[in-house]
Amino acid sequence: MEKTFDAARAEAEIADLWDAKNAFAAGTNAGPDAKPFCILLPPPNVTGSLHMGHAFNHTLMDILARWHRMRGDDVLWQPGLDHAGIATQMVVERQLAAAGNIGRRDMGREAFVAKVWEWKGKSGGTILDQCRRLGDSFDLSRNAFTMSGAPGAPAGEEGNFHDAVLKAFVSLYDKGLIYRGKRLVNWDPHFETAISDLEVEQVEEKGSLWRLRYPLENGATYEHPIEFDAEGKPTAYETRDYLVVATTRPETMLGDTGVAVNPDDPRYTHLIGRSVRLPLVGRSIPIVADAYADPTKGTGAVKITPAHDFNDWEVGKRAGLRVINVMGTRAQIALKDNADFWDGIDGSDALAGLDGMDRYEARDAIVTLAHDEGWLDGIDAEPHMVPHGDRSKVAIEPLLTDQWFVKTEELAEKAMDAVRSDKTRILPERDEKTFFHWMENIEPWCISRQLWWGHQIPVWYGPEIDSEGKVVPGAVRAFCASTEQEVLKKAQEFYGASIPISFSREEGALREHVPPAAYGVDSDGTLGWTELDRDPDVLDTWFSSGIWPIGTMGWPENTPELAKYFPTSVLVTGFDIIFFWVARMMMMQLELTGKVPFKDVYIHALVRDEKGKKMSKSLGNVLDPIELIDEFGADAVRFTLTAMAAMGRDLKLSRDRIAGYRNFGTKLWNAARFAEMNDCRPVAGFDPASVTLTANKWIVGETGRVRETLDAALDAYRFNDAANVLYAHVWGNVCDWYVELAKPLFQDAAAAEETRATMAWVLDQCLILLHPLMPFITEALWGQIAARPKLLVHTDWPSYGAELVDAAADAEMGWIVALIEEIRSVRAQMHVPAGAKVPLIQLDLGPDQAAALERDRALVARLARIERFETAAEAPKGAVTLTVRGATFCLPLADVIDIAAERERLGKAADKLAKEAAGLKAKLGNPAFVAKAPEDVVDENRARLGAAEEELGILRAAQARLASL
RNA sequence: GGGCGAUUAGCUCAGUGGUAGAGCGCUUCGUUCACAUCGAAGAUGUCGGCGGUUCGAACCCGUCAUCGCCCA
15 MEKTFDAARA
25 EAEIADLWDA
35 KNAFAAGTNA
45 GPDAKPFCIL
55 LPPPNVTGSL
65 HMGHAFNHTL
75 MDILARWHRM
85 RGDDVLWQPG
95 LDHAGIATQM
105 VVERQLAAAG
115 NIGRRDMGRE
125 AFVAKVWEWK
135 GKSGGTILDQ
145 CRRLGDSFDL
155 SRNAFTMSGA
165 PGAPAGEEGN
175 FHDAVLKAFV
185 SLYDKGLIYR
195 GKRLVNWDPH
205 FETAISDLEV
215 EQVEEKGSLW
225 RLRYPLENGA
235 TYEHPIEFDA
245 EGKPTAYETR
255 DYLVVATTRP
265 ETMLGDTGVA
275 VNPDDPRYTH
285 LIGRSVRLPL
295 VGRSIPIVAD
305 AYADPTKGTG
315 AVKITPAHDF
325 NDWEVGKRAG
335 LRVINVMGTR
345 AQIALKDNAD
355 FWDGIDGSDA
365 LAGLDGMDRY
375 EARDAIVTLA
385 HDEGWLDGID
395 AEPHMVPHGD
405 RSKVAIEPLL
415 TDQWFVKTEE
425 LAEKAMDAVR
435 SDKTRILPER
445 DEKTFFHWME
455 NIEPWCISRQ
465 LWWGHQIPVW
475 YGPEIDSEGK
485 VVPGAVRAFC
495 ASTEQEVLKK
505 AQEFYGASIP
515 ISFSREEGAL
525 REHVPPAAYG
535 VDSDGTLGWT
545 ELDRDPDVLD
555 TWFSSGIWPI
565 GTMGWPENTP
575 ELAKYFPTSV
585 LVTGFDIIFF
595 WVARMMMMQL
605 ELTGKVPFKD
615 VYIHALVRDE
625 KGKKMSKSLG
635 NVLDPIELID
645 EFGADAVRFT
655 LTAMAAMGRD
665 LKLSRDRIAG
675 YRNFGTKLWN
685 AARFAEMNDC
695 RPVAGFDPAS
705 VTLTANKWIV
715 GETGRVRETL
725 DAALDAYRFN
735 DAANVLYAHV
745 WGNVCDWYVE
755 LAKPLFQDAA
765 AAEETRATMA
775 WVLDQCLILL
785 HPLMPFITEA
795 LWGQIAARPK
805 LLVHTDWPSY
815 GAELVDAAAD
825 AEMGWIVALI
835 EEIRSVRAQM
845 HVPAGAKVPL
855 IQLDLGPDQA
865 AALERDRALV
875 ARLARIERFE
885 TAAEAPKGAV
895 TLTVRGATFC
905 LPLADVIDIA
915 AERERLGKAA
925 DKLAKEAAGL
935 KAKLGNPAFV
945 AKAPEDVVDE
955 NRARLGAAEE
965 ELGILRAAQA
975 RLASL
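Just so we're aligned, residue 15 is where the first sequence starts under the numbering used here, counting upward by one.
Structural data, given as structure tokens:
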């Protein structure tokens with residue numbers, strides 16, 4: 015064997031080996047009555063590449079999958095990709111532009127979607143190859159895609175996900191849980207689509223607060239307070255014929271339809287009910303009372319633009335104000351042909367100049383006009399939060415449009431019930447609170463997107479007809495079904511079997527659905543013929559990923575997978591998509607199947623850089639998991655992430671830490687090398703309970719304990735505990751102690767055979783127990799150590815436990831280890847050369863200790879570098895005394911002893927003991943403690959006091975001897 | 001403004017009522033036949049402050065301070 019593990023070479027070989035054996039196929043290694051264990055990979059974006067967050071998320075899932083597989087469960091780890099509507103459309107559009115292609119609008123919908131599929135086939139899903147580097151053991155033969163089976167999907171992309179999404183939509187639509195409505199939505203002017211609340215990020219910007227003077231109508235004036243006394247009472251007034259409003263968005267003033275003041279604001283109450291004349295526009299708009307106006311902010315008077323602000327929309331509704339939209343889909347000022355706007359006013363040259371301007375150009379222009387025309391009161395710098403699209407990074411614009419919404423209130427109630435009744439557990443508990451907080455305040459979910467890459471909404475429109483069969487001009491009738499045949503059937507039922515109906519193949523308007531011009535009305539006003547026009551919008555990506563659990567298992571068909579693996583066992587995911595994904599999956603699965611999608615949800619935190627900063631490309635602090643794997647090996651990266659995965663806390667990743675766990679792999683590797691050099695080969699039928707030597711019994715017992723602790727940790731998703739118990743066992747128990755203890759035993763003919771067999775067994779157990787965390791190095795060693803019937807990935811998980819612990823052997827090893835450590839410590843403090851061998855003199859020894867020393871003399875001799883064992887009644891002059899539970903020894907170091915150092919050592923040890931004894935004495939002297947504390951705690955304290963006092967006595971004697979020297 | 005959380009060794013962090021821990025870093029010593037990606041020994045803590053509950057508090061409760069994150 016080499017001195018170190020060649021991760022790069024071995025990992026590739028092992029990955030090929032697993033592939034060749036199809037090692038991760040669902041159900042592999044399942045026992046006869048196997049329990050299903052199913053875990054869903056949160057589908058990464060098809061555009062994505064593996065980042066640290068994935069690496070963390072996947073590592074945890076892979077540990078669970080491998081652990082359950084080895085335990086003989088029927089494991090399905092379901093992988094797949096998300097079509098990621100906006101993100102993917104963005105990537106492909108950018109590429110088309112870079113290649114000098116025509117834009118998507120010129121290309122047309124069908125051609126563009128074909129381009130996206132082409133891109134997906136070439137460069138989509140590189141992330142899945144990267145997952146392989148990490149060791150992800152998902153079943154790639156079941157790889158799913160949220161757009162599989164959609165119209166235009168090329169060969170190889172068949173699948174039923176598209177059907178499932180449409181059926182889910184139709185099902186919710188038929189239940190009245192999906193509706194279309196004209197509402198103010200978050201509009202992304204870059205992508206020209208609506209987005210949901212969750213896709214909006216608030217970004218603080220340095221902005222200004224502009225104060226604008228709106229003249230009072232009919233020459234009215236009022237007294238505005240300008241000076242105040244110490245109590246805040248006005249002492250001076252000025253006469254104003256205008257009202258000053260403060261705004262962060264002067265450009266929206268074109269759409270103002272009112273001014274609000276607080277009903278309790280004495281400055282303005284007398285103005286309520288009067289009107290101001292909107293500058294530039296010339297519209298007369300009312301001054302209304304609304305608590306939304308905050309007297310402490312700005313001037314206390316706020317302009318109301320119901321069409322362009324969510325708060326103003328509410329105020330407008332309460333006050334019955336008009337809604338006048340003054341912007342287009344690219345957030346440009348849109349006044350031309352805007353009937354609403356021109357209603358009740360006359361044009362002006364200034365307005366004509368503003369038409370078509372970008373919103374920010376318009377802002378500057380309007381402020382300049384205000385200044386020139388004298389209605390700019392002033393400008394204050396004020397930072398404020400501006401909503402931005404999370405993909406486009408441009409400021410979103412509230413816009414009044416027709417969109418599709420999911421009624422989330424009822425669905426949320428069911429999801430909350432499932433969590434309250436523990437049908438689904440959310441861990442850690444804190445995130446359950448977050449879940450409830452959001453669900454209780456849930457808003458309707460806007461699911462329509464004005465994009466092309468996605469599931470087109472399965473709704474077709476035709477003309478509305480009244481009860482007498484007459485066409486209602488301008489009204490629209492919607493038909494929802496998952497196929498054209500079904501739509502046709504529904505339409506035919508509605509309009510009558512004799513009406514010729516066909517489908518319009520033209521691309522409809524982008525958002526506003528008007529009844530198709532292409533229909534005929536007979537002379538009696540009834541419908542003669544019609545075309546049906548499909549809604550051009552697509553569904554929010556999260557609508558389709560919302561049915562990921564059932565969609566990947568063949569729903570709505572009643573497949574064997576659904577029967578077996580659904581509801582799934584556990585969902586492992588980051589806190590950032592609790593609302594986007596987890597909550598929505600809960601709602602949709604419950605509504606569509608009546609079942610929760612998963613029994614447990616384990617929410618993990620974010621991977622940050624070593625300074626605690628979020629990793630981001632712009633900060634340049636991104637650690638690329640693939641680079642780290644190249645440098646340190648996948649096992650080291652995985653183990654690091656696992657060890658740092660304390661529940662609910664962000665983890666700060668540093669290269670030092672990864673290097674440390676790379677060293678851990680090397681340590682394991684060298685332990686195996688040691689075993690090989692000493693001819694330790696796995697013995698068939700080896701029974702760990704049958705060993706006879708203390709050291710062997712001890713390590714066997716430790717292994718049993720580790721198995722139990724490890725399983726308990728994984729069972730509770732305490733991944734860091736799992737990593738730490740393994741680390742401490744392999745490095746501490748096995749490498750530091752057992753390997754060293756074995757060396758003298760190998761020299762002893764009577765002990766060698768059993769020890770070799772035990773060593774081989776212990777190492778095998780280390781490989782098995784470590785495999786879920788460090789799959790590559792353990793699989794490599796497993797194959798290297800011996801020919802095996804099965805790969806390690808399929809080796810049965812052990813069931814032994816603490817019954818392997820032999821209390822006597824445990825106590826004896828504990829004592830021997832303490833003795834060795836004490837001797838080493840004294841040697842180091844007395845500056846005994848590391849290589850020098852010294853005699854050990856036993857002064858006072860209990861019977862158990864004497865027996866132990868007799869049995870394990872060779873171990874002590876080697877590990878503490880003792881040249882011979884002697885017995886004496888009293889310590890010789892210049893000897894250093896040492897105490898180990900129930901025994902007193904000394905080291906005759908007359909030649910080398912440093913009296914000052916020894917005095918210091920004894921003094922320090924005695925002080926520490928005296929302090930401890932005093933504390934214990936005080937505790938035991940407290941009657942309340944003795945009366946109320948549990949008996950075993952009291953006993954334990956008594957025992958500790960006894961031991962401390964005894965040892966203290968010995969140290970005092972040693973101090974006295976030293977003083978007499 | 002509302003909600004959630006954090007504060008423990010130089011650093012990064014475990015630790016849910018009974019002897020304060022790990023890794024890294026640091027100091028000293030050491031290449032004894034698995035491993036220098038190593039070994040041995042060592043130093044370092046009013047567990048953020050104050051108050052309370054308790055026989056007993058890093059842990060439970062209250063409060064203050066500081067710092068995060070999410071939502072407005």
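Ideal Cβ placement from N, Cα and C applies to all residues, glycine included. Keep in mind that this is a model prediction, so the values were computed, not measured.
Strand pairing of residue i, partner residues [DSSP]
i: ARG548; result: TRP474
i: MET341; result: ILE347
i: PRO397; result: LYS220
i: ARG491; result: GLY476
i: ARG146; result: DSSP lists no partner for ARG146.
i: ASN59; result: ASP96
i: SER298; result: ARG291
i: VAL199; result: LEU413
i: ALA208; result: TRP201
Cβ neighbours of residue i in the same chain (closer than 7 Å, five flanking residues each side left out)
i: ALA974; result: none
i: ARG525; result: With a pLDDT of 36 at ARG525, under the threshold of 50, the predicted position of this residue should be treated as unreliable, and no value is reported.
i: ALA208; result: VAL199, ASN200, TRP201, THR415, GLN417, CYS460, SER462, ARG463, GLN464
i: THR253; result: THR235, GLU237
Proximity of residue i and residue j at Cβ, strictly below 8 Å
i: ASP554; j: ARG405; result: no
i: LEU349; j: TRP201; result: no
i: GLU826; j: ALA866; result: yes
i: ARG491; j: PHE508; result: yes
i: LEU441; j: GLY67; result: no
i: TRP556; j: PHE589; result: no
i: THR654; j: ILE672; result: yes
Same chain, Cβ closer than 6 Å to residue i, neighbours up to 5 away in sequence not counted
i: PHE126; result: ARG118, TRP466
i: LEU186; result: ILE192
i: TYR752; result: ILE713
i: ALA727; result: ASP735, ALA736
i: VAL302; result: GLY272, ALA274, ALA333
i: ALA14; result: No information on residue 14 is available, as it lies outside the stretch 15 to 979 that the chain covers here.
Limits of the beta strand (DSSP E) - the one that residue i falls within
i: LEU818; result: That residue, LEU818, is in no beta strand (DSSP E); it is neither H nor E in DSSP.
i: VAL744; result: Careful: VAL744 lies outside any beta strand (DSSP E) and carries neither H nor E.
i: TRP418; result: 411-420
i: HIS618; result: 612-618
Chain-order list of residues whose beta-carbon lies under 8 Å from that of residue i (same chain, five-residue window excluded)
i: ALA523; result: Any reading at ALA523 is ruled out, since the residue's pLDDT is 45, under 50, leaving its predicted position unreliable.
i: TYR533; result: GLY476, PRO477, VAL485, LEU541, GLY542, TRP543, THR544, GLU545
Opening and closing residue of the alpha helix (DSSP H) in which residue i lies
i: ASN955; result: 949-977
Problem - the segment 757-772 contacting the segment 693-707, beta-carbon criterion three pairs below 8 Å - result: These segments touch.
Handout entry: Segment contact, 8 Å Cβ cut-off, at least three pairs: the segment 62-80 with the segment 146-157
Key = Contact between the segment 62-80 and the segment 146-157 is established, with three or more Cβ pairs separated by less than 8 Å.
Practice task
Determine, using beta-carbon pairs with one atom in the segment 671-678 and one in the segment 704-712, whether at least three such pairs fall under 8 Å.
Solution key: No: fewer than three Cβ pairs fall under 8 Å.
Problem - Three CB pairs or more closer than 8 Å across the segment 911-930 and the segment 962-970 - result: They touch, by the three-pair rule.
Exercise for the section: Spell out a yes or no on whether the segment 391-401 and the segment 565-576 are touching, meaning 3 or more CB-CB pairs, one atom from each, closer than 8 Å. Expected result: Judged by Cβ distances under 8 Å, the segment 391-401 makes no contact with the segment 565-576, as fewer than three pairs qualify.
Problem - Segment contact flag, the segment 853-860 with the segment 893-913, C-beta cutoff 8 Å, min 3 pairs - result: Judged by pairs of C-beta atoms under 8 Å, the segment 853-860 touches the segment 893-913, as three or more such pairs exist.
Practice task
Evaluate contact between the segment 735-749 and the segment 106-121, counting only Cβ atoms and requiring at least three cross-stretch pairs below 8 Å.
Solution key: No, the segment 735-749 does not touch the segment 106-121.
Exercise for the section: Count the C-beta pairs between the segment 152-171 and the segment 296-314 that are closer than 8 Å, then say yes if the count reaches three, no if not. Expected result: No, the segment 152-171 is not in contact with the segment 296-314.
Problem - Three or more C-beta pairs below 8 Å linking the segment 237-246 and the segment 291-298 - result: Counting Cβ pairs under 8 Å, fewer than three are found: no touch.
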